[in-house]
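Written below as structure tokens is the structure these notes are about.
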Amino acid sequence: MKRNRIIYLLLCISAVVLASFYGGPVSYSLLFGLLLIAPISLVYLLFVYAFFRLYQVIGVKHITAYEPVPYYFVLQNEYLLNFCNISINMYSTFSYIEDFDQEKGKTSTAAGTSSKYELLPGESVRYDTSLICRYRGDYFIGIKEITIIDFFKLFKITYRVPEPINAVVSPRIIKLDSLKSIPDITLSSFKENPSLSTDFDAAVRDYVPGDLLKGINWKATAKTGKLKSRLTYGEQRQGISLFLDTNRISEDEYDFIPVENKCLEIILALTDYFSTFSVPVTFHYNQSVPSTATCSMAHEMEEFRLAVSNVKFRTGENSAVFLDSLINGTSFGNCLVAFLVITGADAELNKALYALSLLGINIVVYYVGYNPRTEDIMELQNLRVIPIHPEDDLETVL
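Residue numbers (this note's numbering): 1 to 398.
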């Protein structure tokens, strides 16, 4: 466009010089013809702006991060003029469209993915594809902006789509084959309470050598392919405690959405891993009031995921105070391991971690951030701190 504008300006200057020195009907006709190009181009842009239509539809109501969902958009020319040089720019930070760059005429720009179209009178173009959202959160997806350029490529109008698609995305569940962050944990840890009955319960767990043969649940064994023993009423599992720091690190969605998404992915990945061993998990988080969610078996994961999806982060949340109140209560008293997912560290957090270590509990802290300062967390014998970047692969770091 810059080159076309320079050429047009030089032509106008040349026409003015020609008309001034030589005059005549030809010179003036050429001058007036060149001068009319600019207003005609602007009027054309206004017509395209008024009669160009865009329709975009997402195929599902509930979206999960990194799961492809059906998506299509339609570009429609509802006027008698040919519409040329129509470009669309997509939201590309939090979502992307599969194979969008492979189509003819499509290019990638710093602002996102763009595509140019030309529409004849009454013509429409439909593009069916799949859209993938990267993060949990509430944000816009699909087409972001439309750019219209005139025939002579002198002027352009860029405007945002008046009705963008607002997506509410749930976090995904990442399956872990093993837990590398604390490999020495014994998942088949049970303790007996002799004051309770030893009758068999309906719940099952993995078979441990020494279990009574009459306690084996053969139906569950046949279904899973692994020996499963029924729990007794006197058998208590040592559970896992999870704590989430719900403090929002920034007001900029480009900063906080990836971090919050990674925090919730960690919670879900850990819970899903322990649920396969029938180890109960208690998830603690603050939502103006102390809140908890529990999961003991694999079939409870979907309900647990819905609870995690509704967790809200707030600016100025003092999670260290909430953690201290949990430690002073009974929330962490009988757990096997305490996993903490945090986004910042200070003196109050260190004080709470020290109090938690005095309970003799193994502690794993996942410090999520773009540049987490693990040195801000005090060193304790039964404490392990693992820094996690928002783009890290949890199968590797967990």
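Glycine included, every Cβ here is placed at the ideal spot set by N, Cα and C.
Quick caveat: nothing in here was measured; it's all calculated off a predicted structure.
Taking residue i as the reference, give the member of the options with the closest Cα.
i: LEU9; options: SER27, VAL26, TYR127 and LEU34; result: LEU34
i: ASP346; options: ALA269, ILE327, SER130 and GLU375; result: GLU375
i: PHE151; options: PRO39, GLY23 and ASN85; result: ASN85
i: ARG305; options: THR292, THR315, GLU317 and GLY225; result: THR292
i: GLU123; options: LEU54, TYR28, SER170 and PHE256; result: LEU54
i: THR315; options: ILE267, ILE58 and ASP255; result: ASP255
i: GLU118; options: VAL48, LEU213, GLN287 and VAL17; result: VAL48
i: SER92; options: ILE141, LEU268, VAL69 and ASN334; result: ILE141
i: LEU323; options: VAL311, ASN382, ASN350 and ARG160; result: ASN350
i: PHE277; options: ASP245, VAL321, ILE165 and ARG230; result: ARG230
i: VAL125; options: LEU131, CYS133 and LYS116; result: LYS116
i: ILE249; options: ILE377, HIS299, VAL364 and ILE342; result: ILE342
i: SER14; options: TYR28, THR282 and MET1; result: TYR28
i: GLU379; options: ASN166, VAL364 and GLY369; result: VAL364
Helix, strand or coil, according to DSSP, for residue i in the structure here?
i: CYS133; result: strand
i: ARG305; result: helix
i: THR221; result: helix
i: SER170; result: strand
i: THR64; result: strand
i: LYS116; result: strand
i: THR158; result: strand
i: ASN382; result: coil
i: TYR354; result: helix
i: VAL279; result: coil
i: LEU54; result: strand
i: SER340; result: What sits at residue 340 in the sequence shown is Leu, not Ser. Strand at LEU340.
i: ASN193; result: Below a pLDDT of 50, predicted positions are generally treated as unreliable, and ASN193, at 41, falls in that range; the measurement from the model is reported next regardless. ASN193: coil per DSSP, three-state reduction.
Bridge partners of residue i, per DSSP?
i: ILE388; result: VAL368
i: ALA298; result: Its beta-bridge partners do not exist; DSSP assigns none.
i: MET90; result: ILE143
i: SER291; result: TYR285
i: ARG373; result: Answer is none; ARG373 lacks a bridge partner.
i: ASP346; result: Paired residues: none, contrary to the question.
i: PHE83; result: LEU119
i: ASN310; result: Note: ASN310 sits in no beta bridge, so no partner.
At what residues does the beta strand (DSSP E) containing residue i begin and finish?
i: THR147; result: 143-149
i: LEU75; result: 69-77
i: LEU244; result: 240-244
i: ILE97; result: 95-97
Tell me where the alpha helix (DSSP H) around residue i begins and ends.
i: TYR44; result: 24-51
i: ILE13; result: 2-21
i: THR271; result: 253-275
i: PHE322; result: 319-328
i: VAL397; result: 394-397
So is residue i in contact with chain B if we call contact Cβ pairs under 8 angstroms?
i: SER14; result: Absence of chain B from the displayed structure is noted, only one protein chain being present.
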